[in-house]
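Going by the working numbering, the sequence shown opens with residue 893, and the numbers climb by one from there. Cβ atoms here follow ideal geometry from the backbone N, Cα and C, with glycine treated the same way. Just below is one structure, and these are the notes that go with it.
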Amino acid sequence: MPSKKGKLSDDDRLLQRTGRDVSTTAAALFYGHAIIVSALPLWLCWRVYMLNMMTFSLLFLSLTILTTWLLFQSYKRVMFSLKHKIAQRRQNAVSKEIIKQLGDTTEGKKMSKNDKDQRVEWKVNEVADSEATTYAIFYNNALFLFLYLLLAYLGRGFHPAATYAISMAGSGFLLLFISST
């Protein structure tokens, strides 16, 4: 809990840094990418399989929403697992950069060691968050589309609507399973 002064305690700062919650910016990026990627197979069904969009609209809509949610959860899991690893690897480089920037200013010379450490910790967390978000989006999108195409190819003997349903649900759930391991 924040203290009355509006500052976060050390425990709250640690929970905020290592928690599974994603920032609002990352959530917006995740949902935006998830909607786009889960809607891409609609083009394949419309143009390649020649499925009527109006006839199968309930199937398309429900599976697109389900897959969007599954992709979002996969993004979060991959981001959480990578964030700490990235922070450890970037700690020295970011620390040197911040100390160099603070050493050049009069404000930096007046700061206490604890304040400098907090600023370094904040910057490392910001860099790790950004890199983990980017990698999670790339990794999950590539893997989802690969799994979708693989399952669509394997299910080519079925009716195109069944192939779409199996490929979308299967690739979404497989991706969620792979991202949690």
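With contacts defined as CB atoms closer than 8 angstroms, residue 1049 and residue 1058 fail to qualify as a contacting pair. Distances from the CA of residue 1038 to each of 1023, 920, 1064, 1028 were compared; the closest alpha carbon is that of 1064. CA-to-CA, the gap between residue 1032 and residue 917 works out to about 18 angstroms. Only residues of its own chain outside the window of five on either side were considered, and among them 962, 963, 966, 1032, 1035, 1036, 1039 have a CB closer than 8 angstroms to the CB of residue 1067, listed in chain order.
About 6 angstroms separates the beta carbon of residue 1025 from that of residue 921, a gap short enough to meet the 8 angstroms contact definition. In this model, residue 1006 and residue 1013 are separated by some 10 angstroms (Cα to Cα). Here the C-alpha atom of residue 1070 lies approximately 16 angstroms from the C-alpha atom of residue 960. Shown here, residue 1051 sits in coil according to DSSP, grouped into three states, outside any helix or strand. Contact between residue 978 and residue 1011 fails: their C-beta atoms lie close to 18 angstroms from each other, not under 8 angstroms. In this chain, residue 944 is not harboured by any alpha helix (DSSP H), its DSSP state being neither H nor E. Out of 983, 994, 988, the CA that lies nearest to the CA of residue 1018 is found in 983. A check of alpha carbon separations from residue 1041 across 937, 1002, 976, 971 identifies 937 as the nearest.
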